[in-house]
Each structure stands twice: as C-alpha cells, then as structure tokens.
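Worksheet for the structure shown next.
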Amino acid sequence: MGHTIGKSFTFEASHQLPGLPEGHKCGRLHGHNYSIEVTLAADGLVEPGFVTDFGDLAPFKSYLEETFDHRHLNDAMVTAPTSENLAECLAGWFISNVEPEIPGTLVAVRVSETPSSWAEYRPGRES
Numbered sequence: 548m549g550h551t552i553g554k555s556f557t558f559e560a561s562h563q564l565p566g567l568p569e570g571h572k573c574g575r576l577h578g579h580n581y582s583i584e585v586t587l588a589a590d591g592l593v594e595p596g597f598v599t600d601f602g603d604l605a606p607f608k609s610y611l612e613e614t615f616d617h618r619h620l621n622d623a624m625v626t627a628p629t630s631e632n633l634a635e636c637l638a639g640w641f642i643s644n645v646e647p648e649i650p651g652t653l654v655a656v657r658v659s660e661t662p663s664s665w666a667e668y669r670p671g672r673e674s
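Count along the sequence shown from 1, add 547, and you get the number used in the working numbering.
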C-alpha cells in the first residue's frame, strides 16, 4: 500500500496488572495518560486526495471516550489490561466498526502509556 496516515487519540485510565512478582510497581493500582495512534494505508487516494478523511475516524474517538476514558481497564477489558492486549482489542474494534465505513485499511494500533513506552499491534491480513 502506497500511502499511509496516522491519527492520535488520548484518554486517561487506571489499571493493575495481575500475576506480577510481589513489589512490582505495575501490580499496584496506577494510571496513565494513554496515547493511541492508528495507522491506515491505501493503494490509492479518494477525492480530494485522502487515504481516509480524518473526520471519519470520529466513531473510534467516541468508543475510546465512552469505553476507556477515566475507567479502570481491569473492568473495561476481558483480558489482562496490558498495552499489548489493549492495542489488539482496539484493532479488533476498529476493524469491525470503523474500517467497513472508510476507504483506508488499518495497518497498526500503537498504545503508549508514557512518551517512551509503547506497544503496537499489526493485524494479520489474509492475502
């Protein structure tokens, strides 16, 4: 795919990671200012020269705000609330709910807990 775009979103949430050694700081209740970045790609552009109109990603922003913003991720997710699992969860929701309505294809979802720590999920695609 020749063209790519990215869009960032943010939300604040808490989590507590189970199964860590005693004393591990991530085993305690804590929060992050999450940054979520989606990357989309397309072979060609749609008028007036877009991969996807950024405005068409508004349903994803609404989903993040309604489901995760100022929430406890342990309650909002069915898997352990790691950045890796959150990225995969968000990619699945995006592919099911946003991608059918837009011309671009999701390439990756990146979840950053801090400016220097992130996890990325790239969905496998059938050829």
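Even glycine gets a Cβ: it sits at the ideal position worked out from N, Cα and C.
Alpha carbon of residue i to alpha carbon of residue j, nearest angstrom
i           : j           : result
residue 668 : residue 661 : 17 Å
residue 569 : residue 618 : 24 Å
residue 564 : residue 586 : 27 Å
residue 576 : residue 627 : 13 Å
residue 631 : residue 658 : 8 Å
residue 637 : residue 671 : 14 Å
7 Å Cβ cutoff, residue i in contact with chain B
i           : result
residue 626 : Of the protein chains in this structure there is only one, and it is not chain B.
Among the options, nearest to residue i - alpha-carbon criterion
i           : options            : result
residue 644 : 609, 566, 574, 550 : 609
residue 647 : 658, 615, 603, 584 : 603
residue 562 : 639, 621, 606, 655 : 621
residue 549 : 665, 583, 591      : 591
residue 639 : 588, 655, 649      : 655
residue 651 : 631, 567, 588      : 588
residue 600 : 554, 666, 670      : 554
residue 605 : 573, 636, 625, 641 : 641
Supposed close pair residue i, residue j - CB separation, criterion 8 Å
i           : j           : result
residue 551 : residue 598 : 7 Å
residue 580 : residue 614 : Actually they are not in contact, since the Cβ atoms of residue 580 and residue 614 sit about 17 Å apart, beyond 8 Å.
Residues sharing a beta bridge with residue i, DSSP
i           : result
residue 633 : BP columns for residue 633 are empty, so no partner.
residue 665 : 659
residue 584 : 555, 657
residue 593 : 597
residue 578 : 561
Cβ-based burial, residue i [other Cβ within 10 Å; buried from 16]
i           : result
residue 664 : exposed
residue 674 : Confidence at residue 674 is low in this model, with a pLDDT of 48, below 50, so its placement is unreliable and the value that follows should be read with caution. Exposed, by the Cβ-count rule.
residue 675 : Residue 675 lies beyond the stretch modelled for the chain, which goes from 548 to 674, so this question has no answer here.
residue 633 : buried
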